[in-house]
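Chains as they are written, first to last, in the working numbering: chain B, 49 to 570; chain F, 5 to 163. Even glycine gets a Cβ: it sits at the ideal position worked out from N, Cα and C. Note that the coordinates shown come from a computational prediction; the quantities given were computed from them, not determined experimentally. Report on the structure given below.
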Amino acid sequence: MAHENQENKSGKLSRRDILAGLAALPLVGIVGYGLLRNKADAEKRNSSLLSDIKPEIQSGIPPLIEGKTLRIGIIGTGGRGGYLMKAMGFVNPDRIDEYTEKGKKDKYWEQYLEDFRAQDNLNIKITAICDVFDTNAEKGIAAGANVHRNGKGGKMDDAPKRYTTYNELIASPDVDAVVIATPDHWHVPIALEAARKGKHVYCEKPLSWSVAETYEIRKTVKETGIVFQLGHQGRQTESYNVAKSLIKQDVIGKISLIEVCTNRNDPNGAWVYDIDPEANEKTIDWKQFIGQAPWHDFSLERFFRWRCWWDYSTGLSGDLFTHEYDALNQILDLGIPNSAMASGGIYFFKDGRTVPDVLNMAMEYSDRDLTLLYSATLASEKNRGKVIMGHDAYLELSDTLIVSVDPQSTRYKEKLEQGLVEPFKPIFSYVPGQGAVDAVTSPTEKYFAGRGLLYTYRDGKAVDTTHLHLREWINCIRAGNGVQPSCDIDQAFEEAMTAHMGTISYKEGRRTYWDKEKEVIV
Amino acid sequence: MGYTKLQSFALVILRITIGWHFLYEGGVKILNPNWTAKSYLLDSGGFLKGFFELIAGNQILLSISDSANAWGLALIGLSLMLGIFTRYSSIAGIVLLLLYYLSHPAFPGIEYLFPSDGSYFIINKTLVELFALLVVFAFPTSHIFGLQRLIKSNKTFLA
Chain B
49 MAHENQENKS GKLSRRDILA GLAALPLVGI VGYGLLRNKA DAEKRNSSLL
99 SDIKPEIQSG IPPLIEGKTL RIGIIGTGGR GGYLMKAMGF VNPDRIDEYT
149 EKGKKDKYWE QYLEDFRAQD NLNIKITAIC DVFDTNAEKG IAAGANVHRN
199 GKGGKMDDAP KRYTTYNELI ASPDVDAVVI ATPDHWHVPI ALEAARKGKH
249 VYCEKPLSWS VAETYEIRKT VKETGIVFQL GHQGRQTESY NVAKSLIKQD
299 VIGKISLIEV CTNRNDPNGA WVYDIDPEAN EKTIDWKQFI GQAPWHDFSL
349 ERFFRWRCWW DYSTGLSGDL FTHEYDALNQ ILDLGIPNSA MASGGIYFFK
399 DGRTVPDVLN MAMEYSDRDL TLLYSATLAS EKNRGKVIMG HDAYLELSDT
449 LIVSVDPQST RYKEKLEQGL VEPFKPIFSY VPGQGAVDAV TSPTEKYFAG
499 RGLLYTYRDG KAVDTTHLHL REWINCIRAG NGVQPSCDID QAFEEAMTAH
549 MGTISYKEGR RTYWDKEKEV IV
Chain F
5 MGYTKLQSFA LVILRITIGW HFLYEGGVKI LNPNWTAKSY LLDSGGFLKG
55 FFELIAGNQI LLSISDSANA WGLALIGLSL MLGIFTRYSS IAGIVLLLLY
105 YLSHPAFPGI EYLFPSDGSY FIINKTLVEL FALLVVFAFP TSHIFGLQRL
155 IKSNKTFLA
């Protein structure tokens, strides 16, 4: 150091000093060149792909329409009913305590509770509940009274009234609208009664259990003009809206094949739910549970695991395929297929169930020149994704969206030749909350684009799609201008008929057809 | 303390290559208007996971952290390459690298969405670069090879 200082003290800069002082400048220049090149490449890719394509991204949570407090009745306050109540802002205080306890150890639950408390107040009141099982009914009452989202011992408001039959609940002057979260075989009878009494309906999917009742409910909903929403909350998934706008702009070319699947591999996913120890013939109104289903003696298994029997359920086609179908119907306006062919069996859960645990369906849309393939198993979790395959590119869809180019594409032929796009590599990615659809540039983006994160965002805020779906329904009721929500009775009719075509094909071992003119399955 | 020629060469090369890496990483981020560390932060692990997720979840904190990160990287890189204010920039670089490490520590049992480019146990390349910067800090070379040499002053803080 002393030696260097001495040199400096001489007061003059030697040529060596200047050279050594500035020698790194050219290197900075090289980095600068690298940066400009990187930017130019990214811009070239972005502009050549995005110049003529304008993806639409819904931004923000739609504002709540103001109006008087809506009085809501919940029919079915079991698992799904409880979840729907939570999405509307009502949770059993015991549950709040449970989240608080879990939140002390696990940040996930702390955030879960925080998100729930931050969820908008929809300006509704749960005035009535109905469930054939006493324990469920009590839970529903406690949740309905918990207006302030407190734990046990916290401030509660008026408890909703329990009705022992849905007819009485619907007839109540304290009920403006009903939420139906019962087993499948009860959806239509209850929705029909509600519509006839002028009560608005939010009905869990699938719309119907039998073909015949599907016509009746469509007719009645239309005649009465009630606001009807079917519970496919996927309607609120941002990436589906983006996919719709990309396909409208012909980004992936002519679509010939769509592949969707269900992959589950645990008892819960296969509908083997826990049996409540408090459940018995005294606490369950079995006769009312049976309803239009064929008579069967009291069975706790059938009550809690009703999804496993055709007597109350619509099986994989009605229960899980409909999620996939409704997403595609939303994106592509598919409508009802011309034909359906299904096969499968009970291959893993040989527990006395009548519905299959493996199901494969091929649905032909000959008018659109495309096939919709559905493949499901309840005994493997290998996720096969949701893929829409076009001549020019394919679109893979989950919470995120990725478009990758086909090497034989006509539309992208020149760009492929110029090396602007690479075959099989993503060209567009959309990650919820990002606020923009980008041409994929950095390796990190490419990676995350393919994985996505488990949040659904609106404006970067994690929101529950079920909340958004119920909110849309409530907004339509308040607007009162005849506008129906996104999953209205026509969409619901298409959903139900498509699912029934698959189920009938499976049960009868034959191909089913849709007669468009007569609107019948043949 | 004088260095041998080989020592000077090795130290200068180390300083300039780290600077190069910082400058390019920062520059790419600055030049891409859509760049954000959001998904990287959401993928955090280790005992500060909550802290990094908090930043990712808050629009204001996120944009402050994104700008500070991008400009910080670029300026640190420029300083290391040119050989000026390197004592400050190497400390700043160490802080940045420590934050990167703490958001994705290479502890056994933590898995990340973003795959690792190698196999690491506690020590990974981020940590190695961090300690390399410590060497740059401990053995200054700007007065030998860098803008510092042109500044006729005894004020060692510039070194």
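Limits of the unbroken alpha helix (DSSP H) element including residue i
i: B/Thr535; result: According to the sequence as given, residue 535 of chain B is Cys; it is not Thr. Counting along the chain, B/Cys535 falls outside any alpha helix (DSSP H), and DSSP gives it neither H nor E.
i: B/Leu294; result: Glu286 to Lys296
i: F/His25; result: Lys9 to Leu35
i: B/Lys461; result: Lys461 to Glu465
i: B/Asp374; result: Thr370 to Leu380
i: B/Cys524; result: Thr513 to Ala527
i: F/Thr130; result: Lys129 to Ala142
i: B/Asn215; result: Tyr214 to Ala219
i: B/Tyr160; result: Lys155 to Ala166
i: F/Ser67; result: Gln63 to Leu86
i: B/Asn184; result: Asp182 to Ala193
i: B/Ser62; result: From DSSP, B/Ser62 is part of no alpha helix (DSSP H); its letter is neither H nor E.
i: B/Met133; result: Gly127 to Met136
Own chain partners of residue i with C-beta closer than 7 Å, once the 5 adjacent residues on each side are dropped
i: B/Ser428; result: Asn311 and Asn313
i: B/Gly202; result: Pro141 and His196
i: B/Trp234; result: Gly339
i: B/Lys150; result: Trp157
i: B/Thr492; result: Low local confidence applies: a pLDDT of 49 at B/Thr492 is under 50, so the model's placement there is unreliable, and no value is given.
i: B/Asp145; result: Gly199 and Lys200
i: F/Glu133; result: Ile22 and Leu101
i: B/Arg187; result: In the sequence on display, residue 187 of chain B carries Lys and not Arg. These residues qualify, in order along the chain: Thr125, Gly130 and Asn140.
i: B/Tyr147; result: Trp157, Tyr160 and Leu161
Residue nearest to residue i in terms of C-alpha spacing, selected from the options
i: B/Ile295; options: B/Leu443, B/Ser414, B/Arg558 and B/Trp562; result: B/Leu443
i: B/Leu240; options: B/Arg266, B/Pro325, B/Trp257 and B/Ala229; result: B/Arg266
i: B/Tyr395; options: B/Gln336, B/Ala318, B/Ile450 and B/Lys245; result: B/Ala318
i: B/Met292; options: B/Val79, B/Tyr321, B/Leu445 and B/Glu91; result: Going by the sequence as given, residue 292 of chain B is Lys instead of Met. Cα-wise, what sits closest to B/Lys292 is B/Leu445.
i: B/Asn171; options: B/Phe138, B/Arg558 and B/Thr183; result: B/Phe138
i: F/Tyr44; options: F/Asn73, F/Ile148, F/Phe143 and F/Ala14; result: F/Asn73
i: B/Ile120; options: B/Ile144, B/Val226 and B/Ala441; result: B/Val226
i: F/Ile114; options: F/Gly49, F/Gly23 and F/Thr8; result: F/Gly49
i: B/Pro110; options: B/Asp206, B/Ala190, B/Arg432 and B/Leu516; result: B/Leu516
i: B/Leu83; options: F/Leu35, F/Gln11, F/Gln63 and F/Gln152; result: F/Leu35
i: B/Asp89; options: B/Gln539, B/Leu468 and B/Ser220; result: B/Leu468
i: F/Ala41; options: F/Asn62, F/Thr145, F/Ile64 and F/Asp70; result: F/Asp70
i: B/Arg283; options: B/Ser534, B/His548 and B/Lys430; result: B/Ser534
Residue i: CB within 7 Å of a non-hydrogen atom of the ligand ADP
i: B/Gly393; result: The model on display carries no ligand, and the ligand ADP is accordingly not part of it.
Extent of the continuous beta strand (DSSP E) to which residue i belongs
i: B/Ile122; result: Leu118 to Ile123
i: B/Gly438; result: Lys434 to Gly438
i: B/Val275; result: Counting along the chain, B/Val275 falls outside any beta strand (DSSP E), and DSSP gives it neither H nor E.
i: F/Ala110; result: Note, F/Ala110: premise wrong, no beta strand (DSSP E); not H, not E.
i: B/Leu421; result: Leu418 to Thr425
Residues that residue i bridges to, as DSSP identifies them
i: B/Ala176; result: B/Gly121 and B/Lys209
i: B/Gly392; result: B/Leu407
i: B/Trp562; result: B/Ile569
i: B/Lys150; result: Looking at the DSSP assignment, B/Lys150 forms no beta bridge with any residue, so it has no partner.
i: B/Ser387; result: B/Glu412 and B/Tyr561
i: B/Ala225; result: B/Ile120 and B/His248
i: F/Ile126; result: F/Ala110
i: B/Ala441; result: B/Val453
i: B/Leu305; result: B/Thr419 and B/Met437
i: B/Asn311; result: B/Thr425
Same chain, Cβ closer than 6 Å to residue i, neighbours up to 5 away in sequence not counted
i: B/Ser258; result: none
i: F/Pro109; result: Gly50
i: B/Leu407; result: Leu364, Gly392 and Ala424
i: B/His248; result: Ala225, Ile274, Val275 and Ile525
i: B/Asp512; result: Ala135
i: B/His439; result: Gly301 and Lys302
i: F/Leu93; result: The question names Leu, yet the displayed sequence has Ser at residue 93 of chain F. Only Ile80, Ser83 and Leu84 meet the Cβ criterion.
i: B/Val570; result: Tyr561 and Asp563
i: F/Tyr104; result: Thr130
Spatial neighbours of residue i in its chain, beta-carbon cut-off 8 Å, leaving aside the 5 residues before and after
i: B/Val290; result: Pro103, Glu104, Ile105, Leu449, Tyr478 and Val485
Note to self: For the structure I just gave you, are there three or more beta carbon pairs, one from the stretch 67-82 of chain B and one from the stretch 67-87 of chain F, closer than 8 Å?
What the structure shows: yes
Notebook entry, point to check: How about the stretch 377-387 of chain B and the stretch 345-353 of chain B: do they share at least three Cβ pairs that are nearer than 8 Å?
Noted result: no
Item checked: Stretch-stretch touch, CB-based, cutoff 8 Å, three pairs: the stretch 55-68 of chain F with the stretch 552-564 of chain B -> no
Notebook entry, point to check: How do the stretch 10-20 of chain F and the stretch 134-142 of chain F stand: do at least 3 beta-carbon pairs fall below 8 Å, yes or no?
Noted result: yes
Item checked: Stretch-stretch touch, CB-based, cutoff 8 Å, three pairs: the stretch 368-377 of chain B with the stretch 407-422 of chain B -> yes
Notebook entry, point to check: Quick one: any contact between the stretch 96-109 of chain F and the stretch 78-94 of chain B, if contact means 3 or more CB pairs under 8 Å?
Noted result: no
Notebook entry, point to check: Quick check: the stretch 321-339 of chain B against the stretch 174-194 of chain B, are there 3 or more CB pairs under 8 Å?
Noted result: yes
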